[in-house]
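>
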């Protein structure tokens, strides 16, 4: 990856545990927040949108805010809309993200949408998945 955009629970966990990522990829974290850290703020939305507009492939997993509360769903919604408008190959994982995509009417705008967010991350990190193994994929 050229860049990894981090927000939501991943960013919160890194911050709470004082973990600094040492990665060959450029790590881009939120530059502002709203609602006391319950969503990414407008500057971060614009920063992430800029990176998305330049991307050729995008994997997205997990909300960037407390999407169960409308007032904290803006960041996630705006990023999904930006992905839907991009020319990139786009993959979204997670049941919550599937619900947001369907609510926004964007289901046909992504290359692939999966309810299996955890499985998608496991696959991308090189783990073997029992279901795929059973189908003969090696």
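Residue numbers (the numbering used here): -9 to 128. Beta carbons are placed, not taken as given, at the ideal position from N, Cα and C, and that holds for glycine.
1. Consult DSSP for residue 43 and reduce its assignment to one of helix, strand or coil.
2. Under the assumption that residue 38 contacts residue -5 (Cβ atoms under 8 Å), give the Cβ distance between them as a whole number of angstroms.
3. Buried or exposed: which applies to residue 68, given that a residue is buried once 16 or more other Cβ atoms fall within 10 Å of its Cβ?
4. Below 8 Å, how does it come out for the segment 69 to 79 and the segment 94 to 104: are there three or more Cβ pairs, yes or no?
5. Name the DSSP beta bridge partners of residue 90, please?
6. Name the one or two DSSP bridge partners that residue 23 has.
7. Between residue 43 and residue 19, what straight-line distance do the alpha-carbon atoms span, to the nearest angstrom?
8. Quick one: Cα of residue 85 to Cα of residue 75, how far?
9. Measure the alpha-carbon distance for residue 33 versus residue 116 and round it to whole angstroms.
10. Within 10 angstroms of its Cβ, does residue 9 collect 16 or more other Cβ (buried), or is it exposed?
11. What is the DSSP secondary structure of residue 69, reduced to helix, strand or coil?
12. So which of 2, 64, 88 has the shortest CA-CA distance to residue 100?
13. Within a Cβ cutoff of 7 Å, which residues of the same chain sit near residue 103, ignoring the five residues on either side of it in sequence?
14. Tell me, please, which residues DSSP counts as bridged to residue 80.
If we stick to the structure as given:
1. As a working note, residue 43 is residue 53 in the chain shown. If DSSP states are grouped into helix, strand and coil, residue 43 belongs with the helices.
2. Numbered from its first residue, the chain shown carries residue 38 at position 48. Numbered from its first residue, the chain shown carries residue -5 at position 5. About 5 Å; that satisfies the 8 Å criterion.
3. Along the chain shown, one-based indexing puts residue 68 at 78. It counts as buried.
4. The answer is yes - the segment 94 to 104 touches the segment 69 to 79, with three or more Cβ pairs under 8 Å.
5. Taking the chain shown and counting its residues from 1, one reaches residue 90 at position 100. According to DSSP, residue 90 bridges with nothing at all.
6. Taking the chain shown and counting its residues from 1, the one referred to as residue 23 is at position 33. DSSP output for residue 23 lists 30 as bridge partner(s).
7. Counted from its first residue, the chain shown places residue 43 at position 53. Counted from its first residue, the chain shown places residue 19 at position 29. The straight-line gap from Cα to Cα measures roughly 17 Å.
8. On the chain shown, position 95 is the one that residue 85 refers to. On the chain shown, position 85 is the one that residue 75 refers to. For the pair residue 85 and residue 75, the Cα-to-Cα distance works out to about 21 Å.
9. Working through the chain shown from its first residue, we reach residue 33 at position 43. Working through the chain shown from its first residue, we reach residue 116 at position 126. Spanning the two alpha carbons is a distance of roughly 33 Å.
10. Reading the chain shown from its first residue, position 19 is the one you call residue 9. Per the 10 Å Cβ criterion, exposed.
11. Within the chain shown, the letter at position 79 stands for residue 69. When DSSP states are grouped into helix, strand and coil, residue 69 belongs to the helix group.
12. Mapped onto the chain shown, residue 100 falls at position 110. Taking only the C-alpha atoms, the option nearest residue 100 is 88.
13. Numbered from its first residue, the chain shown carries residue 103 at position 113. So the qualifying residues of the chain are 82, 88, 91, 97.
14. Here the question's residue 80 lines up with position 90 in the chain shown. Residue 80 pairs with 48.
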